[in-house]
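Report on one structure; see the data block that follows.
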Amino acid sequence: MIRTLAALLLTCLATVAHADGKVFHQHNAADVVIPDQAAIIHFADGIETLVIDTRFQSDAQPTEQTAVAPEVDPDATATPYAWVVPLPAVPTEVFPVSHGTFNTLRSIFQPRVRTAPPSIGWFAVALTGVLVVLGVGQRSSAARVLALIGLVVTVIAALLLPALEGARAAGGLPAAAVTIHDQQTIGAYDTVIISAAATDPDAPSDLVAWLDDHGFTVDPGARAAIAAYVADGWCFVASRLRTDASPREAQAPHPLGFRFPVAQPVYPLRLTATHGRSVAVDLYVFAEGSAAAPGFEVRRSGATEYPDEPRQWWSRSTIVVGHEELRPLAAAAPVATQLSGTLTPEAMAQDATLAIGPFMPFRNEVRTPEAARVLTFNVGSVVLLVLTLVIYVLARQIELKPPHFLAACLLPIAISTLFGLAMHSAIPTIKTTTVSRAWTLGRNVDRLNEALAGELARRGGVPDDAAALAGLIETIFADDRALDEWTRTNPFTGRPRIIEASPGNLGLVTQADGVHLVLHDGAGMTWVSEAPLSDIEDGAQSRPPA
Numbered sequence: 116m117i118r119t120l121a122a123l124l125l126t127c128l129a130t131v132a133h134a135d136g137k138v139f140h141q142h143n144a145a146d147v148v149i150p151d152q153a154a155i156i157h158f159a160d161g162i163e164t165l166v167i168d169t170r171f172q173s174d175a176q177p178t179e180q181t182a183v184a185p186e187v188d189p190d191a192t193a194t195p196y197a198w199v200v201p202l203p204a205v206p207t208e209v210f211p212v213s214h215g216t217f218n219t220l221r222s223i224f225q226p227r228v229r230t231a232p233p234s235i236g237w238f239a240v241a242l243t244g245v246l247v248v249l250g251v252g253q254r255s256s257a258a259r260v261l262a263l264i265g266l267v268v269t270v271i272a273a274l275l276l277p278a279l280e281g282a283r284a285a286g287g288l289p290a291a292a293v294t295i296h297d298q299q300t301i302g303a304y305d306t307v308i309i310s311a312a313a314t315d316p317d318a319p320s321d322l323v324a325w326l327d328d329h330g331f332t333v334d335p336g337a338r339a340a341i342a343a344y345v346a347d348g349w350c351f352v353a354s355r356l357r358t359d360a361s362p363r364e365a366q367a368p369h370p371l372g373f374r375f376p377v378a379q380p381v382y383p384l385r386l387t388a389t390h391g392r393s394v395a396v397d398l399y400v401f402a403e404g405s406a407a408a409p410g411f412e413v414r415r416s417g418a419t420e421y422p423d424e425p426r427q428w429w430s431r432s433t434i435v436v437g438h439e440e441l442r443p444l445a446a447a448a449p450v451a452t453q454l455s456g457t458l459t460p461e462a463m464a465q466d467a468t469l470a471i472g473p474f475m476p477f478r479n480e481v482r483t484p485e486a487a488r489v490l491t492f493n494v495g496s497v498v499l500l501v502l503t504l505v506i507y508v509l510a511r512q513i514e515l516k517p518p519h520f521l522a523a524c525l526l527p528i529a530i531s532t533l534f535g536l537a538m539h540s541a542i543p544t545i546k547t548t549t550v551s552r553a554w555t556l557g558r559n560v561d562r563l564n565e566a567l568a569g570e571l572a573r574r575g576g577v578p579d580d581a582a583a584l585a586g587l588i589e590t591i592f593a594d595d596r597a598l599d600e601w602t603r604t605n606p607f608t609g610r611p612r613i614i615e616a617s618p619g620n621l622g623l624v625t626q627a628d629g630v631h632l633v634l635h636d637g638a639g640m641t642w643v644s645e646a647p648l649s650d651i652e653d654g655a656q657s658r659p660p661a
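Note that the sequence shown covers residues 116 to 661 in our numbering.
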């Protein structure tokens, strides 16, 4: 029996040793969860800058969880993508924003991810087994067998905890009461800014008629919200994807930005509520202090940093705003806050009015599923050991017979298992991808450039047309036979690199000597290759980073 227990202890010691392995340049990054709506909000001196990114399907319908009141008329002759955004004042500017800006935000606002600690719970399980055998004593071989069975049951109970992971977790003339403030083409959209006189009782119906006439089908549930906005003196920006938009623009319409005067920053929700379903929303707020809004929780609030040049390493204590498109939107605001919420239609009955208060630094902390399992096992095993020790001491004092002692040991097993289940369900977890430490990625741009140029040379050289070159590059990176895994894979996402101004992805810049490859680091800042793509000789091979 002693030999058996010694072997068991040695096995437990060996189990812990896996945490001492060597992992090179890797960390766990939280998997990106794309919300139904995401927005950038900057507020200063009575001016709000609002950029909205929303999800569309690739067919003629909005997503299941809708955008900011996108309305679609499937019988309209124009493109099916139509989008209506209510604003508290006529915007002084409407402008396009790239998807890469929001993908960069999701990178720089990453939560702190806790990975699995050493599995020390096996020590507690082994010691519990020792106590059980000591309590049984040497008087009964059958009792010793039962003790081992109890130990096995304990281990199985602990191992069952991970299995619970999957258990939870062409329009006519405008109506008389409608004012057209501006019409212009913004990126992939044709936009028009309209409003109606709040004092005119027919204004809401006139505005709805204008929208209907121009292919923005307004369902009955939205009419009351539009009437309320008109009564409050709000205007509407109606946008439709251009009929000549490229296939890529049609598949993923870009975000739109608006700049307008307002007394307090606001995010419009009332029109979205009329679609009758919950909506996940992320707000990235740049202001003088930390932001808060009813129905939203703070995921991160931190001091911002605006570097002029890319660096090999970035501080994780600050929010680094280096992306060329994000910097002017943030406008040197000293504090950035991420607010997140899944809002029911009832919660969206009022627009989200933001309060800007004193700076209160905060960073959300989550654990990987494996970390949650190990933590639960460790704590549950210690609870089991302590309770078993108490029963062992009491049994020695009252000279409890072995069969009764074994029966009493079932109580710690039950309590520790229930405790572990409750603890496991309460720990917030997030799926992660193990990726390279990509914040030092900028120094590898020349190696990427060499590998890509070699493959381009084998395919006939660098195309003169920029769009053709970008398409060819994405085709190459999507082909797992063309380049090695390190070269192909975006270390932030674990997916093939694409042409986009976001962390780990690529861009192209034309200089006097030719087209150079651009690599975006973890802050979205750009690293430009020293040599143009056309200067690399055929046959160059990709190499892993130093």
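Beta carbons are placed, not taken as given, at the ideal position from N, Cα and C, and that holds for glycine.
Quick check: what's the CA-CA separation for Glu645 versus His631? The count along the sequence shown starts at 1 and reaches residue 645 at position 530. The count along the sequence shown starts at 1 and reaches residue 631 at position 516. Whole-angstrom Cα-Cα distance: 8 Å.
Fully enclosed by the region 464-543, which alpha helix (DSSP H) runs are 4 residues long or longer? 484-513 and 517-541
Assigned exposure category for Glu480 - 16 Cβ within 10 Å defines buried: On the sequence shown, residue 480 is found 365 positions in, with the first residue counted as 1. The residue in question, Glu480, is exposed, as its Cβ has fewer than 16 Cβ neighbours within 10 Å.
Nonlocal neighbours in the same chain, by C-beta distance under 6 Å from Gly391, ignoring five residues either side: Taking the first residue of the sequence shown as 1, we reach residue 391 at position 276. The answer, listed in chain order, is Pro460.
Using DSSP with H/G/I as helix, E/B as strand and the rest coil, what is Leu108? For the chain, the structure presents residues 116 to 661; residue 108 sits outside this window and is missing.
Taking C-alpha atoms, which residue in Leu242, Gln152 and Phe217 lies nearest to Leu502? In the sequence shown, the residue the question calls residue 502 occupies position 387. Closest by alpha carbon: Leu242.
Limits of the unbroken beta strand (DSSP E) element including Arg414: For the purposes of this step, residue 414 is taken as the residue at position 299 of the sequence shown. Looking at the DSSP string, the run of the beta strand (DSSP E) that includes Arg414 is Glu412 to Glu420.
With C-beta atoms as the reference, is Ser531 less than 7 Å away from Gly586? Residue mapping note: residue 531 aligns to position 416 of the sequence shown, counting from 1. Residue mapping note: residue 586 aligns to position 471 of the sequence shown, counting from 1. By the CB criterion at 7 Å, Ser531 and Gly586 fall outside the cutoff.
DSSP three-state label for Glu615, please. For the purposes of this step, residue 615 is taken as the residue at position 500 of the sequence shown. In the structure shown, Glu615 sits in coil (DSSP, three-state: anything other than H, G, I, E or B).
Only counting the same chain, and skipping five residues up and downstream in sequence, which positions put a Cβ closer than 6 Å to that of Ala581? Position 466 of the sequence shown, counting from 1, holds the residue named residue 581. Within the same chain, Ala581 has no close Cβ partners at all.
With DSSP as the reference, label Leu384 as helix, strand or coil. Here residue 384 refers to the residue found at position 269 of the sequence shown. Reduced to three states, the DSSP call for Leu384 is coil.
Check whether the region 425-443 touches the region 499-518, counting contact only when three or more Cβ pairs, one atom from each stretch, lie closer than 8 Å. no
Any idea what DSSP makes of Pro362, helix, strand or coil? Along the sequence shown, read from residue 1 onward, the residue named residue 362 stands at position 247. If DSSP states are grouped into helix, strand and coil, Pro362 belongs with the helices.
Cα-Cα separation, Tyr304 to Leu567: Looking up residue 304 in the sequence shown gives position 189. Looking up residue 567 in the sequence shown gives position 452. Cα to Cα, the separation comes out at about 34 Å.
With a threshold of 16 other CB atoms inside 10 Å of the CB of Met475, please say whether the residue is buried or exposed. Stepping through the sequence shown from its first residue, residue 475 is reached at position 360. Counting Cβ neighbours within 10 Å, Met475 comes out exposed, since fewer than 16 surround it.
Classify Pro376 as helix, strand or coil using the three-state DSSP reduction. Within the sequence shown, numbered from 1, the residue matching residue 376 stands at position 261. In the three-state DSSP reduction, Pro376 falls in the strand class (E or B).
Distance CB(Pro380)-CB(Ala204) smaller than 7 Å: Taking the first residue of the sequence shown as position 1, residue 380 is located at position 265. Taking the first residue of the sequence shown as position 1, residue 204 is located at position 89. No, the pair does not count as a contact, with Cβ atoms beyond the cut-off.
Who are the Cβ neighbours of Asp297 in its own chain at under 6 Å, not counting the five residues just before and after it? Within the sequence shown, residue 297 is the residue found at index 182, counting from 1. Cβ within range, chain order: Ile308.
Could you check how far apart the C-beta atoms of Gly404 and Ile471 are, in whole angstroms? I think they sit under 8 Å. Here residue 404 refers to the residue found at position 289 of the sequence shown. Here residue 471 refers to the residue found at position 356 of the sequence shown. That belief holds up - the Cβ atoms of Gly404 and Ile471 are roughly 5 Å apart, short of 8 Å.
Quick one: Cα of Ala553 to Cα of Pro606, how far? Here residue 553 corresponds to residue number 438 of the sequence shown, with the count starting at 1. Here residue 606 corresponds to residue number 491 of the sequence shown, with the count starting at 1. For Ala553, the predicted structure reports a pLDDT of 46, less than 50, and the residue's modelled location is therefore unreliable. A value from the coordinates is still provided. Distance between the alpha carbons of Ala553 and Pro606 is about 6 Å.
Could you tell me whether the region 621-628 touches the region 415-432, where touching means 3 or more Cβ pairs closer than 8 Å? no
How about the region 453-468 and the region 511-531: do they share at least three Cβ pairs that are nearer than 8 Å? Segment contact: the region 453-468 against the region 511-531, fewer than three CB-CB distances shorter than 8 Å; contact not assigned.
Could you tell me the distance, in whole angstroms, from the CA atom of Arg596 to the CA atom of Gly609? Mapped onto the sequence shown, residue 596 falls at position 481. Mapped onto the sequence shown, residue 609 falls at position 494. Arg596 and Gly609: Cα-Cα distance of roughly 17 Å.
Under the DSSP definition of a beta bridge, which residues are partnered with Gln225? Translated into the one-based positions of the sequence shown, residue 225 becomes position 110. In the DSSP output, where bridge partners are listed per residue, Gln225 has none listed.
How is Val345 classed by DSSP in three states: helix, strand or coil? Taking the first residue of the sequence shown as 1, we reach residue 345 at position 230. Reduced to three states, the DSSP call for Val345 is helix.
On the DSSP bridge list, what partners appear for Phe210? For the purposes of this step, residue 210 is taken as the residue at position 95 of the sequence shown. For Phe210, which the question treats as bridged, DSSP gives the partners Gly372.
Do you know whose CA, among Ala153, Pro211 and Gly215, lies nearest Asp636's CA? Here residue 636 corresponds to residue number 521 of the sequence shown, with the count starting at 1. The residue with the shortest Cα to Cα distance from Asp636 is Gly215.
Is Ala583 helix, strand or coil by DSSP? The residue given as residue 583 occupies position 468 in the sequence shown. Reduced to three states, the DSSP call for Ala583 is helix.
Reference Arg374, options Ile162, Ala529, Met538 and Gln427, closest by Cα: Taking the sequence shown and counting its residues from 1, one reaches residue 374 at position 259. Taking only the C-alpha atoms, the option nearest Arg374 is Ile162.
Helix, strand or coil: how does DSSP classify Phe607 here? The sequence position of residue 607 within the sequence shown is 492, counting from 1. Coil at Phe607, not helix or strand.
For Arg574 and Pro362, I'd like the C-alpha separation in whole angstroms. Translated into positions along the sequence shown, residue 574 becomes position 459. Translated into positions along the sequence shown, residue 362 becomes position 247. Going by the C-alpha atoms only, they are around 24 Å apart.
Per-residue DSSP class, three states only, for Phe61: In this structure the chain extends from 116 to 661, so residue 61 is not present and cannot be described.
If you reduce the DSSP assignment to three classes, tell me which class Val624 lands in. Taking the sequence shown and counting its residues from 1, one reaches residue 624 at position 509. Here Val624 sits in strand by DSSP.
Considering just the uninterrupted stretch of the alpha helix (DSSP H) at Pro443, what are its terminal residues? As a position in the sequence shown, residue 443 is number 328, starting the count at 1. Run containing Pro443: Leu441 to Ala445, per the alpha helix (DSSP H) assignment.
Same chain only: Cβ atoms within 6 Å of Phe158, ignoring 5 sequence neighbours per side: For the purposes of this step, residue 158 is taken as the residue at position 43 of the sequence shown. Closer than 6 Å at the Cβ level, and outside the excluded window around Phe158, lie Pro380 and Ala402.
Please classify Leu398: does DSSP put it in a helix, a strand, or coil? Here residue 398 refers to the residue found at position 283 of the sequence shown. Of the three classes helix, strand and coil, the one that applies to Leu398 here is strand, per DSSP.
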